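In this note's numbering, the protein residues as written are -8 to 118.
Structure below.
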């Protein structure tokens, strides 16, 4: 099964969803909260630059189509100050996974299946 990739609303970087903070506008109550809940979601890199841009340009508000309470930004800034390196290894791992997948996809000839490519690689290594 393929991993779930998401895009940061500030820097537009694509990575595995575990590398991001998730902000949710919960469906029936229209309340904005962090991490859990069903409804419209926006993803944000756990970096000061992304958080600053999101707050300054109201990217969370536009993405969620809701007014973002100031306490949500306050909680995100607290998370960033308490553990700034928490997302970097995960984000780097997700980037490497994405890069390796892109390299694999670009090396696959158009119209061939993975088993055909594996058979070709096996036959080349034998001869």
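Note that CB positions come from ideal geometry on N, CA and C, so glycine has one too. Quick caveat: nothing in here was measured; it's all calculated off a predicted structure.
Residue closest to residue 59, alpha-carbon to alpha-carbon, out of 7, 5, 15 and -4: 15
When 55, 37 and -5 are compared against residue 73, the one with the closest alpha-carbon: 37
Residue 3 vs residue 34 beta-carbon contact at 7 Å: no
Pick from 31, 70 and 48 that is closest to residue 18, judged by C-alpha positions: 31
Residue environment, residue 69, which counts as buried when at least 16 other CB atoms sit within 10 Å: exposed
Separation of residue -7 from residue 61, as counted between CA atoms: 36 Å
Counted within 10 angstroms of its Cβ, other Cβ atoms place residue 27 as buried (16 or more) or exposed: exposed
CA-to-CA distance, residue 64 to residue 25, given in whole angstroms: 10 Å
Residues near residue 39 by beta carbon distance below 7 Å, same chain, minus five either side: 71
Residue closest to residue 49, alpha-carbon to alpha-carbon, out of 5, 8, 1 and 23: 1
For residue 92, three-class secondary structure by DSSP: Note that residue 92 scores 41 on pLDDT, short of 50, meaning its location in the model is unreliable; the coordinates nonetheless yield the value given after this. Helix at residue 92.
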